[in-house]
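Written out below as structure tokens is the structure these notes cover.
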Amino acid sequence: MLRILGCILLVGTVAFGAPKIDSLLSGYDDLYRQVSDIRAVVHLTQQKVNQGTKKLEMNYYRRDSDESFLIIMTGPEAEKGNGYLRVGDNFWMYRKNTRTFQHINRDESIGGSDAQGDDFEGRLLTEMYAPVKDSAGNEMISEEMLGKFSVWRFEVIAKVNDVDYPKKIYWIRKDKPVLLKEASYSSSGTLMQTLYYLTFTEIKERLVPVKTLIVDEFEKGNKTILEISGISTDKLSNDIFTKAYLENLSK
Amino acid sequence: MNFLFTISIRNLFRQRRRSILLGSAIAIGTAVLVLANAFAHGISEVLFNEIVSYVSGHVSVSFTKGGNANNQVFHDGARIREIINKRVPNVKRVDEAIGVFARAIGNAKADNVILVGMDPSGDGVDEKEAEKLAKNFKELEGHFADLADTTVENPVCLAQEKAKTLNVKLHDVVRVRFTDIRGQTQAARLTIVCIMKPSNVFMAAPVYLHIKTVKRLLGYSSNDVPQLYLSIENPRKDAKRFADSLHAGLNPPLAVIDGQLSVHGSGVEVTLLSLRTDSASLALVDSAMKFSARTAADSVNPKKAVIISESLSKITGLQPDDTCTISYEGKFGDEPGGARLIVTAIAAAGSGIDGQVVLVNERDFYKTFYDVWPKSTVAVNGPFRPDTEIGIYKAFGGEWLLAPRSRTTRDVMKLYREIAQKGWKAIVVDVGSMYETASMVLNLEYALNMITAACVMVLFFIILIGVVNTLRMTIRERTREIGTIRAIGMQCVDVRNSFLIETGLLALISALSGTALAFVTMFGLSQLTFKTDANPLGMLLVDGHIFFAPTVLAVCFFIMLIVGIAVVTAYFPARHAAKLSAAEALRHFE
Amino acid sequence: MDIIDIKGLKKNYALGSTTVHALRGVDLTIAKGDFMSIIGPSGSGKTTLLNVIGCIDNATEGSVKVSGREITKLNDREITSMRLHHIGFIFQTFNLIPVLDTLENVEFPLLLMRKLSKQDIRKRAEKLIEEVGLREYIKHRPAELSGGQRQRVAIARALVTNPDIVLADEPTANLDSVTGEQILNLMKEMNRIENTTFIFSTHDANVLKYARSVVKIRDGLIVKEA
Ligand SMILES: Nc1ncnc2c1ncn2[C@@H]1O[C@H](COP(=O)(O)OP(=O)(O)O)[C@@H](O)[C@H]1O
Ligand SMILES: [Mg+2]
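Heads up: the protein sequence lines correspond to chains A, B and C, in order. Quick note on numbering: the first sequence equals residues 3 to 253 in my numbering. Quick note on numbering: the second sequence equals residues 469 to 1058 in my numbering. Quick note on numbering: the third sequence equals residues 4 to 229 in my numbering.
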């Protein structure tokens, strides 16, 4: 779910007119590559049927050069101080109470949320997805109105097996390459989840989504609001992506 | 000797009250012992034959692909089955075991469920097994056999309670969301064809689909097998041995892909070998190989290494950073396998890999290998076969990775942590016996045996105190009698023996009546019906009844044990009595 | 020929810190086939003497020969066997085995001997029961018999093994005088039929008339032999 963090800082280089889907995707990837270090504060508001609302708050650090990230929970109280650290192939969960690191599987959920370790991996969209073509061999891309914006709507399917969803539909603004909506499907064609990118902020002349609504289309009524603030793309200190850093925080 | 028995029996009847008192104590003790043992054994039977064989198999073979515990697949299932048949004689059943967590949505109600695959009509499901199934899954509505109905969309059977929580009825549809073996989120519609009442709570949690249905939903292809559970005839005796033997049979051959390498339209036959990229193997690469050319990235991150031999470089003109493609024939289906490789290094001649060979980092190698299982194997001739003596040989990967046999549950857990951590790219094959995988169940059996042992101890003290006291009274009372028979000419040992016989007989009769009592009690208790759904221990019941499994051997052993304890306990007082001086004894008046 | 030959027999008992001199140097020979009475007051050492002769108590000093064998040198197994094969006992308190009936009580020593067949044992026992006049009581347990009848069973039991010597320690002390006389008559009769040596002790001078020879004992010493 937090994959979208990988897609923040999306602006610009896409040509006008009916574009190729690949170029739209690689436009994303190019931008994505330009960003190496990110720091942000993330708020997750999860609403589940019959279970009320759960709020999670965390500090998020990422460095793409060696596929590292660090998450430090700052709320709620029960989760405060816990963290997740990934350096290269290693992924640990840190428990503040026991002051222990536990090596975890990538599919472990974070802070008991539906966000999974996998979501934090930065992978290039063009490596994962290819455009869907109709019977005539044309890419499935069309123009639509989404709210007050006119958008490109296009479908992609997974090129590789290890992606969360085998099929996706994207809605991207025509005037600027800004992703507004994203729908994910299962192999059987069932709509599983929809992402709405609601508000954006400008960082380094690029529009970055800072409020995203994630709707669980499978279990109706479950939704998550993801809010990002305090974004910084300054180079991060090497000390951050270490176990010691996590431990020191809870001292 | 005969008349000693006669006298002993008559003496027992003479002191009727005392005999009955001690005898009842021994009898009740025996009854408790036999009962406890039959109960413990009954539970063990249920555990071993029902629960263990369903939960972990007596022997299990597990596959973990890509370090992902959810990715339980092996692509050449027939091969594994062949090895099993060869290595595990008289295997009763080989069950494909799949259990996957899913979110299920019924009629406006959602719940977490486990999708479990089963095959109610598979091989090895004999009449007895079918009977057991019918007993364990009592059909309330619909038919269990309809799981195999192909005209229905994903037929499923679930427990009454589950149907209630999901608010669904027969023929309703339950939607489920789950992660398939590739890690993709998937959804499916399951049609309820059977609502049943399971014999224990244990079986009420999952929803049951035909194994074929689950495999399809989870993305298994027809050659793929999931985890395999083997049920064998005599698990306690053979599980470990068979697991060891199966393990020995599962040693992987070297993985090779023989195919066509093409560069700029021209092709050449090559063999691809997997280059393991764990630190030990990488160190071996550094020490055992010399490179005539190498990209900067390869020295920094050899995890993406694609190394070709110098001769291959000459033939093809391939240099580091050049791209080539490989295509090869698959073992299953018509689809050829293929890969696009970027050369990172050229091995200098004399490294042991002179020839038409490409060493491919394990990540890329196994991705290709498992995507389309190659037809060629190391056993047949190919463009290149490495000499097993060369220094680098140990860094070549096999068709899979055989995990060492774990000896304890701790080892098993450690292994799986390691699998997850190391992210081994080869499928890790692990053979386990119930002694490692179901140790919790075995611990329960151990606890029950401890209860039996405690019974033995209590019984031992009853006998010890009872026999010693009774004998002391008896000897005091009969001192003059002892003097008389000694005077008449009975040998000391015979006097001692007569007391031993007397005690032994009492113990034997008591133990026998105790056993009879135990059997009557067992019969009575097994007539009771317990409500299983509410009770977490319900899984230990058979059809709501306590299941006792007394064995002739155990009962005989206990009877002998009790008689033995009694006789040993009686030995010293009896000898003391026999050693009394005849003259002294005769002078004794009470 | 002397079946018993005792020389310088002394028997001491330790009683607390003191020593009781029960026999203080007895010399005695008894001929085979004798019907001898040992008479003396209570505590004079009669039982002790009979016990030593009967191999159920050992001598402190001196030599005791029974049927030509020096018994003071035998171990427990040998001396037990000696009792079984050569000596029969009749006790003041009868000492029958309460759980066995008349026949079984009489058969008992023969069964211990393991020499005869079951039938022969039965025959021999029945013969002796016949001789002591208890034919009708063959299936009775001791508790169902009178004192005299019990002592008859004891006599039959003592004689069944055909012993060299029968020792009877005050056999009539627990019986009324009439029955006592009957018992002594029976013993005398048996002595005649079987030619078995009988030694019986008594403190009652009235029964001396039955004895062929009499030994008087007092304070552990033989005071008169007649
Ligand atoms: N076991 C014994 N311990 C101590 N003194 C004993 C024992 N047996 C017998 N005496 C003593 O030896 C003496 C002779 O006893 P005993 O032979 O029984 O006499 P009797 O049979 O003539 O009455 C008595 O003074 C008696 O108290
Ligand atoms: Mg006396």
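All C-beta atoms in this analysis are idealised placements derived from N, C-alpha and C, irrespective of residue type, glycine included.
Item                                                                                                                                               : Value
Residues near residue 85 of chain C by beta carbon distance below 6 angstroms, same chain, minus five either side                                  : 58
Chain B within 8 angstroms of residue 174 of chain C, Cβ atoms only                                                                                : no
Neighbour flag for residue 100 of chain A against chain B, beta carbons, 8 angstroms                                                               : no
Residue 20 of chain C burial status per 10 Å Cβ neighbour count (16 or more: buried)                                                               : exposed
Nearest neighbour of residue 1079 of chain B, chosen from B:641, B:508, B:488 [CA to CA]                                                           : Residue coverage of chain B in this structure runs from 469 to 1058, which leaves residue 1079 of chain B outside it and unanswerable.
Short Cβ contact (8 angstroms threshold) for residue 577 of chain B with residue 633 of chain B                                                    : yes
Cut-off 7 angstroms between Cβ atoms - residues of its own chain near residue 244 of chain A, not counting five sequence neighbours on either side : none
Neighbouring residues, chain B, relative to residue 111 of chain C (Cβ below 7 angstroms)                                                          : 956
Beta-carbon neighbours of residue 194 of chain A, restricted to chain B and to distances below 8 angstroms                                         : 645, 653, 655
Alpha-carbon to alpha-carbon, residue 810 of chain B and residue 113 of chain A                                                                    : Only weak support is given to the placement of residue 113 of chain A: the predicted model assigns it a pLDDT of 44, under 50, and the question is left unresolved by the model.
Residues near residue 604 of chain B by beta carbon distance below 7 angstroms, same chain, minus five either side                                 : 666, 667, 671
Those runs of the beta strand (DSSP E) which lie wholly inside the region 128-215 of chain C and span at least 3 residues                          : 168-172, 200-205
Which of helix, strand or coil DSSP assigns to residue 180 of chain A                                                                              : coil
Close-in-space but distant-in-sequence residues of the same chain around residue 200 of chain A (CB under 8 angstroms, 5 per side omitted)         : 211, 213, 214, 215
Sequence-distant residues of its chain with Cβ nearer than 6 angstroms to residue 567 of chain B (five each side left out)                         : 582, 584
Below-8 angstroms beta-carbon distance, residue 810 of chain B vs any chain A residue                                                              : no
Whole-Å CB distance - residue 224 of chain A paired with residue 51 of chain A, under 8 angstroms assumed                                          : 6 angstroms
CB contact below 8 angstroms: residue 871 of chain B versus chain A                                                                                : no
Euclidean distance between Cα positions of residue 197 of chain A and residue 217 of chain A                                                       : 6 angstroms
Proximity of residue 652 of chain B and residue 737 of chain B at Cβ, strictly below 8 angstroms                                                   : no
beta-carbon residue 81 of chain C near ligand 2 non-hydrogen atom, thresh 7 angstroms                                                              : no
Proximal residues to residue 123 of chain A (C-beta, below 6 angstroms), its chain only, five neighbours per side dropped                          : A caution first: residue 123 of chain A carries a pLDDT of 45, below 50, which makes its placement in the model too unreliable to give a value.
Burial state of residue 796 of chain B (16 or more Cβ within 10 Å)                                                                                 : buried
Beta-carbon separation (whole angstroms), residue 844 of chain B vs residue 725 of chain B, contact threshold 8 angstroms                          : 7 angstroms
Short CB-CB distance (under 8 angstroms) between residue 847 of chain B and chain A                                                                : no
Per-residue DSSP class, three states only, for residue 493 of chain B                                                                              : helix
Beta-carbon gap between residue 75 of chain A and residue 87 of chain A smaller than 8 angstroms                                                   : no
Within-8 angstroms CB hit, residue 166 of chain A to chain B                                                                                       : yes
Ligand 2 heavy atom lying under 7 angstroms from the CB of residue 172 of chain C                                                                  : yes
Ligand 1 heavy atom lying under 7 angstroms from the CB of residue 472 of chain B                                                                  : no
Beta-bridge pairing of residue 195 of chain A - partner residues as DSSP gives them                                                                : A:186, A:218
Any non-hydrogen atom of ligand 2 within 7 angstroms of residue 130 of chain C CB                                                                  : no
Closer than 7 angstroms at the beta carbon, the chain B residues around residue 7 of chain C                                                       : Those within 7 angstroms of residue 7 of chain C in chain B number zero; the least Cβ separation is about 17 angstroms.
First and last residue of the uninterrupted alpha helix (DSSP H) at residue 39 of chain C                                                          : From DSSP, residue 39 of chain C is part of no alpha helix (DSSP H) but of the beta strand (DSSP E) over 38-42.
Residue 924 of chain B Cβ short of 7 angstroms to ligand 4 heavy atom set                                                                          : For ligand 4, the structure offers nothing, since it holds only ligand 1 and ligand 2.
Three-way DSSP call (helix, strand, coil) for residue 642 of chain B in this model                                                                 : strand
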